[in-house]
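Undergrad:
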Amino acid sequence: MAVVTTRQKASWSVANTIVALYALIPVLWILSLSLKEKSTFTDGHFIPRGWTFQNFVDIFQVGGFTRPLLNSIGIAVIATFVAIVIGTFAAYAIARLDFPGKKLMLGASLLIAMFPQVSLVTPMFQVERSIGLFNTWPGLILPYITFTLPLTIYTLSSFLREIPWELEKAAKMDGATPFQAFRQVIVPLAMPGVVTTAILAFIQCWNDFVFAISLTSTNSARTAPAAIAFFTGASQFEDPTGSIAAAAIVITIPIIIFVLIFQRRIVSGLTSGAVKG
Amino acid sequence: MTQATVQSKTRVAPGGAGVAKAKKPLSDGKRSERKLGWLLCLPAAVVMVVVTIYPIVYSVMLSLQRYDLRFPDKRGFVGFANYATVLTNEFWWRAFLITMIITVVSVAFELVLGMTLAMVMHRTVLGKGFVRTLALIPYGIVTVAAAYGWQYAWTPNTGYLAQLPLWSGSAPLTHQASSMAIIILAEIWKTTPFMALLLMAGLAVVPEELQKAAAMDGASAWQRFTKVTLPLMKPAILVALLFRVLDAVRVYDNIYVLTNGANGTSSLSITTYHNLISGLNLGIGSTMSVLMFITVAVIAFLFIKVFGTAAPGSENMGRR
Amino acid sequence: MRPHNHRGRLRSSLAVGAAAIMASTLVTACGSGSTGTPTINLYNAPQQNLAVMVANCNKAANGKYQIKLNTLPRTADQQREQLVRRLAAGDSGLDILGLDVTWTAELARAGWIREWTGSNKAEAEKGTLAAPLKTAQWGGKLYAAPYNTNVQLLWYRADLMPKPASTWAGLQKQAADLAAAGKPHYIEAQGAQYEGLTVWFNSLVASAGGSVLDPSGTKVSMGQPSVKAMQTLRDFARSKAADPSLTNTQEDPARLQLEGGFAVAEVNWPYVYPAMQANTAVKFKKDFKWAPYPGIDGPGKSPLGGSNFAISKYSAHPAEAFDAALCLRNADNQKIAATKDGLPPTIESVYHDTTPLDASKKAGPDNPSMVTAYPMRAAILSALKTAAPRPVTPTYQNVSTVVQAALSPPASIDPAATETYLRDQVDNALQSKGVLP
Chain A
721 MAVVTTRQKA SWSVANTIVA LYALIPVLWI LSLSLKEKST FTDGHFIPRG
771 WTFQNFVDIF QVGGFTRPLL NSIGIAVIAT FVAIVIGTFA AYAIARLDFP
821 GKKLMLGASL LIAMFPQVSL VTPMFQVERS IGLFNTWPGL ILPYITFTLP
871 LTIYTLSSFL REIPWELEKA AKMDGATPFQ AFRQVIVPLA MPGVVTTAIL
921 AFIQCWNDFV FAISLTSTNS ARTAPAAIAF FTGASQFEDP TGSIAAAAIV
971 ITIPIIIFVL IFQRRIVSGL TSGAVKG
Chain B
-13 MTQATVQSKT RVAPGGAGVA KAKKPLSDGK RSERKLGWLL CLPAAVVMVV
37 VTIYPIVYSV MLSLQRYDLR FPDKRGFVGF ANYATVLTNE FWWRAFLITM
87 IITVVSVAFE LVLGMTLAMV MHRTVLGKGF VRTLALIPYG IVTVAAAYGW
137 QYAWTPNTGY LAQLPLWSGS APLTHQASSM AIIILAEIWK TTPFMALLLM
187 AGLAVVPEEL QKAAAMDGAS AWQRFTKVTL PLMKPAILVA LLFRVLDAVR
237 VYDNIYVLTN GANGTSSLSI TTYHNLISGL NLGIGSTMSV LMFITVAVIA
287 FLFIKVFGTA APGSENMGRR
Chain C
988 MRPHNHRGRL RSSLAVGAAA IMASTLVTAC GSGSTGTPTI NLYNAPQQNL
1038 AVMVANCNKA ANGKYQIKLN TLPRTADQQR EQLVRRLAAG DSGLDILGLD
1088 VTWTAELARA GWIREWTGSN KAEAEKGTLA APLKTAQWGG KLYAAPYNTN
1138 VQLLWYRADL MPKPASTWAG LQKQAADLAA AGKPHYIEAQ GAQYEGLTVW
1188 FNSLVASAGG SVLDPSGTKV SMGQPSVKAM QTLRDFARSK AADPSLTNTQ
1238 EDPARLQLEG GFAVAEVNWP YVYPAMQANT AVKFKKDFKW APYPGIDGPG
1288 KSPLGGSNFA ISKYSAHPAE AFDAALCLRN ADNQKIAATK DGLPPTIESV
1338 YHDTTPLDAS KKAGPDNPSM VTAYPMRAAI LSALKTAAPR PVTPTYQNVS
1388 TVVQAALSPP ASIDPAATET YLRDQVDNAL QSKGVLP
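Chains A, B and C are the protein sequences, given in the same order. With this note's numbering applied, the first sequence corresponds to residues 721 to 997, in that order. With this note's numbering applied, the second sequence corresponds to residues -13 to 306, in that order. With this note's numbering applied, the third sequence corresponds to residues 988 to 1424, in that order.
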């Protein structure tokens, strides 16, 4: 892919534009709802006729959205990190080692991913309350690790086994120490899979509502999606849709930053892998 | 190839609940490999078991009892009576059918769209990072908020989509077929990026050289895709489909916001929620949870059977 | 109801999860070293000025107890879910519970809330309107202190419909005439498959002279009045008056359709009035009027809403909790809730109280009185006299769920057949038998 012709450029621009429209139109609509003045809220226009940033100001000033946002970031980052580390251990073992219990491990983790969470939260609430984890960061981090692990293990193990491990051997023959071989050959090759998994795990933790609403009771551990459930309109029956829309946009920004940072690793992982190969 | 490969070739059925099948004493290498395998799996296994074992066992136990929170005095063991009640109930089967339709249609679309999106994300020569980030935004949006967005968009007078002349004068969210279509559309929009990201990771392992070689042999782009790319991507496709289906069967948020099950759009999750949480009927509600679990397990089992060797943990793991 | 131009409120569509934050600040601010002072945990739906009321009561308690405000999520379903989960676990951290009027029987039957007796009972009943008081009773006993009430009225645009009819059929005819004249003609109602549909149907049954359950609350009553109610519901859904979105309309979309100029009238709670006054873009504000809730043969029986304070069985300080609950719902605090947060009072005298919140100053937008905030207070009071309470049964949620499912969508109701079917479903629901849709 050395030279990019103008024609290629043109056709890729079209493809990129279609992707952007697909991804963005519904998001821009939510943004538009968040920016519409109350009186123009139901006018049906895609682009607001009356603009206001009040919804954004309100969710922070009145709705106290800052703390839940910080909780969300802390909890999702820690949970993702731990899940990726121990998930990678398990995935490596499953992809590369031979040991009895491998299928059990895979089967059991899949079963955990399959059980409807709505029936798990009540017993989990009881347990967490009795051991003092209720309404704490670890009280959410633990279930998040648990429920992101199955996807982590599956994705990573199916990814790791596709890596041409012979390269590691070749590097060792070329005089590299095992650590060097691992660090310079295997890690770059594994990076795209790890990063992909991390992004998915992060989003999964970030967007969880069921556990967040059931296992927290105050702002000390409540995450951003759960905090939305506490928004209220000006009175009992008024829907705070403008605020919900604003919060949805705000909640999405860290995801975009997270993806922007880490998607580079997908690219660099691939190219450096290709060079070594 | 590696040691592991050689072993799995010689052994008939590796794994299987820790049953040692080897007749002769294990070599030191094998023993230490086993140990390492267990050791590496240990942290993940411990976390998963500790967090979920009690809740899962508890739910299963509840499904065998008559237990309505409002009538604590009438609690009692009823065997499989709850299962009989649920499995002979029309609401359950209607929700089952609706759920299956949503699952099959949305996942099928997502696979095709996700593959296309993955191709663009993987191969585009312009603004790769930009496209990849944009494409993931739908998956990153909080489902409930996105669902509210769709609801407003499809409400006559207030939404831009409902104003399209195509369906002027009617409210798409008030008819079964159109609300189903909208629910499915919302699902597809939201989760196609999930599919695409997993598939893109799969594409990344397809060696460029193979493609080039095939191209030199005169294979068309389509042939290269079906004969070279797809087979190599099988494991990634399996994982993406598997986890997407598991999720789709439990569809809740979008329906809750868009129709709350009105006009015949109630899913298994909605029905379960109504019985377990709103109805406070822990017996029937837990039974529904277990039945949903079994449904998903059967689907997962069939998937793994169909995809056979591509499944992680299968016989020729670690071999191409 | 909230004042028209109260700036702090108008600016924000988001009124608050911050009540909780404020409350905790207040608590720490005036917490008296806490030793010996029992903390009374109040769990309530989000309400902007509840923190102010809590502070008032803490001050009045003078060290006897300290109320701590815990805010529940916005939607009733989520509130109930959280309360029930904690009560089922025997959580002693709950003392006062803010309950929707339909939960009383359920929590009482499960043994989670305490009966009100003696002087507490007398205090809770004193001067309390009959309709809201009934919602706090079950089996002849009092289980909660009525905190606020609510009734739906008919809200209409007098510029299009100078004299709204008093019956659904009459309104349909007026709507048809408006439609023929090419004018906005929808009459908004809560036809989505949710609690609002049960509320509507229940009111129709009452207007037809019947009830869903018999007075004991243990048997299905329904019958001919129900058939009539279903017929009315169906005819409305098929008429020109029905918004095409009827089966997806809840309270707030109904309000927005009217404010947006797409409808001529709506049945809704009184919150629509201050909301309309706050909407700067509406041209027909002056013509926005209210009338009694429509009926079948004459004026109808309004749906009845509201919430009550109950005391948890697991409360460690029940005596203080009863005291605190009574303080929170006393006439002064009800006036704050009414004028600032739009929650109609349950104590009758509050409606006749003409002094503004700050008696030393003149009444005005920033210093509301019942007169400025509730121009429709006479209509509310008279609607409360005949309002239709929802069925009182521990399995109310089940009954409501099957009603919603059976009547949705209203246009395809087959009155006689649906009545037979629903009767069977409600009977099952009463015994918590079978499966909910």
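Think of the CB as a built atom: it goes at the ideal place given N, C-alpha and C, for glycine as much as any other residue. Since we're looking at a predicted model, the values are computed, not measured.
As a quick exercise: from Asp1411/C, Glu1406/C, Leu1417/C and Gly1421/C, pick the residue whose alpha carbon is nearest that of valine 1214/C.
TA: Answer by Cα proximity: Glu1406/C.
Undergrad: Give the residues of chain C in contact with glutamine 142/B, contact being defined as C-beta atoms less than 7 angstroms apart.
TA: Sequence check: residue 142/B is proline here, not glutamine. In chain order: Pro1231 and Ser1232.
Undergrad: According to the Cβ coordinates, are alanine 1229/C and alanine 1216/C closer than 8 angstroms?
TA: Not closer than 8 angstroms, so no.
Undergrad: Classify glycine 100/B: buried if its beta carbon has 16 or more other beta carbons within 10 angstroms, exposed otherwise.
TA: The residue is buried, with at least 16 neighbouring Cβ atoms inside 10 Å.
Undergrad: Within 8 angstroms (strictly less), CB to CB, does threonine 936/A reach chain B?
TA: No, threonine 936/A does not count as interfacial toward chain B.
Undergrad: Would you mind giving the Cβ-Cβ distance between proline 788/A and alanine 947/A, rounded to the nearest angstrom? I have them listed as a contact below 8 angstroms.
TA: Sure, about 4 angstroms apart at Cβ, within 8 angstroms.
Undergrad: Pick helix, strand or coil for threonine 144/B, following the three-state DSSP scheme.
TA: Here threonine 144/B sits in coil by DSSP.
Undergrad: Using a beta-carbon distance cut-off of less than 9 angstroms, what residues from the stretch 236 to 269 of chain B approach chain E?
TA: Looking at the structure shown, chain E is missing, and the protein chains on hand are A, B and C.
Undergrad: DSSP three-state label for asparagine 1045/C, please.
TA: Asparagine 1045/C: helix per DSSP, three-state reduction.
Undergrad: Have a look at Arg727/A, Leu741/A, Ala735/A and Lys729/A and flag the residue whose alpha-carbon is nearest the alpha-carbon of proline 124/B.
TA: Proline 124/B has its Cα closest to that of Leu741/A, out of Arg727/A, Leu741/A, Ala735/A and Lys729/A.
Undergrad: Please return the same chain residues whose Cβ sits closer than 8 angstroms to the Cβ of methionine 1009/C, not counting the five positions on each side in sequence.
TA: Summary for methionine 1009/C: the model assigns pLDDT 40, below 50, so the residue's position carries little reliability; its value from the coordinates is reported in the next sentence. Counting only Cβ-Cβ distances below 8 angstroms, and skipping sequence neighbours, we find Ala1038.
Undergrad: Run down chain C in chain order and give the residues with a C-beta less than 7 angstroms from the C-beta of threonine 71/B.
TA: Under the 7 angstroms cutoff, chain C gives Gly1421 and Val1422.
Undergrad: Run through chain A and tell me which residues come within less than 8 angstroms of valine 1057/C, C-beta to C-beta.
TA: Inspection of the sequence shows that residue 1057/C is occupied by asparagine rather than by valine. Within 8 angstroms Cβ-Cβ: Ser937 and Thr938.
Undergrad: In chain C, which residues lie with their C-beta within 7 angstroms of the C-beta of phenylalanine 773/A?
TA: Correct list: empty, because the minimum Cβ distance to chain C is about 11 angstroms.
Undergrad: Are there 16 or more other CB atoms within 10 angstroms of the CB of asparagine 1049/C, so buried, or fewer, so exposed?
TA: Its Cβ having fewer than 16 others within 10 Å, asparagine 1049/C is exposed.
Undergrad: So, does the CB of alanine 1268/C fall closer than 8 angstroms to a CB anywhere in chain A?
TA: Judged by the 8 angstroms Cβ criterion, alanine 1268/C is in contact with chain A.
Undergrad: Rounded to a whole number of angstroms, what is the C-alpha to C-alpha distance between alanine 1036/C and glycine 1114/C?
TA: A small correction: the amino acid at residue 1036/C is asparagine; alanine does not occupy that position in the sequence shown. Asparagine 1036/C and glycine 1114/C: Cα-Cα distance of roughly 23 angstroms.
Undergrad: Starting from glycine 913/A, trace the alpha helix (DSSP H) in both directions and tell me its first and last residue.
TA: That run of the alpha helix (DSSP H) goes 907 to 927.
Undergrad: For proline 1332/C, list the residues DSSP reports as bridge partners.
TA: Asn1135/C.
Undergrad: Assign threonine 1012/C to one of two classes, buried (16 or more other C-beta atoms within 10 Å of its C-beta) or exposed (fewer than that).
TA: Here threonine 1012/C scores only 40 on pLDDT, less than 50, and its place in the model should not be relied on; the value that follows carries that caveat. Per the 10 Å Cβ criterion, exposed.
Undergrad: Reducing DSSP to helix, strand and coil, say where proline 1290/C ends up.
TA: In this structure, proline 1290/C counts as strand in the three-state DSSP scheme.
Undergrad: Could you work out which residues of chain B lie near tryptophan 732/A, taking near to mean beta carbons separated by less than 7 angstroms?
TA: Result: Thr110, Val111 and Leu112.
Undergrad: Mapping DSSP to helix, strand and coil, what is valine 191/B?
TA: Correct three-state label for valine 191/B: coil.
Undergrad: Mapping DSSP to helix, strand and coil, what is glycine 1169/C?
TA: Correct three-state label for glycine 1169/C: coil.
Undergrad: Assuming leucine 224/B and phenylalanine 293/B form a contact by the criterion Cβ under 8 angstroms, report the distance between their Cβ atoms to the nearest whole angstrom.
TA: About 4 angstroms separates the two Cβ atoms, so the contact holds.
Undergrad: For leucine 1141/C, which residues in the same chain have their Cβ closer than 7 angstroms to its Cβ, ignoring the five residues on either side in sequence?
TA: Excluding residues within five positions, the ones whose Cβ falls inside 7 angstroms are Pro1151, Ala1252, Val1254, Trp1277, Ala1278, Pro1279, Tyr1280 and Pro1281.
Undergrad: Thinking C-alpha only, which one of Gly1421/C, Asp1078/C and Ala1392/C is nearest arginine 849/A?
TA: It is Asp1078/C.
Undergrad: According to DSSP, what are the bridge partners of glutamate 1175/C?
TA: In the DSSP output, where bridge partners are listed per residue, glutamate 1175/C has Glu1253/C.
Undergrad: Can you check the stretch 1019 to 1086 of chain C for any alpha helix (DSSP H) of at least 4 residues that lies completely inside it and give the ranges in chain order?
TA: For the stretch 1019 to 1086 of chain C, whole alpha helix (DSSP H) runs of length 4 or above, ordered along the chain, are 1037 to 1048 and 1063 to 1075.
Undergrad: Would you mind telling me which residues of chain C sit closer than 7 angstroms to aspartate 959/A, beta carbon to beta carbon, in chain order?
TA: Residues of chain C passing the Cβ test: Asp1239.
Undergrad: According to DSSP, is phenylalanine 1296/C helix, strand or coil?
TA: Three-state DSSP puts phenylalanine 1296/C in a strand.
Undergrad: Could you list which residues in chain A have their beta carbon closer than 7 angstroms to that of tyrosine 1258/C, in chain order?
TA: Within chain A, the residues near tyrosine 1258/C are Ser955, Gln956, Phe957 and Glu958.
Undergrad: Is arginine 849/A helix, strand or coil by DSSP?
TA: Three-state DSSP puts arginine 849/A in a helix.
Undergrad: Which of the three DSSP states, helix, strand or coil, is assigned to tyrosine 138/B?
TA: Of the three classes helix, strand and coil, the one that applies to tyrosine 138/B here is helix, per DSSP.
Undergrad: Would you grab the beta carbon distance between glutamate 1110/C and leucine 1129/C for me? Rounded to a whole angstrom, and I think it's under 8 angstroms.
TA: At roughly 11 angstroms, the Cβ-Cβ gap does not stay under 8 angstroms, so glutamate 1110/C and leucine 1129/C are not in contact.
Undergrad: Residues in the stretch 895 to 917 of chain A with C-beta within 7 angstroms of chain B's C-beta atoms, listed in sequence order?
TA: Against chain B - using a Cβ distance shorter than 7 angstroms - the residues of the stretch 895 to 917 of chain A are Pro912, Gly913 and Thr916.
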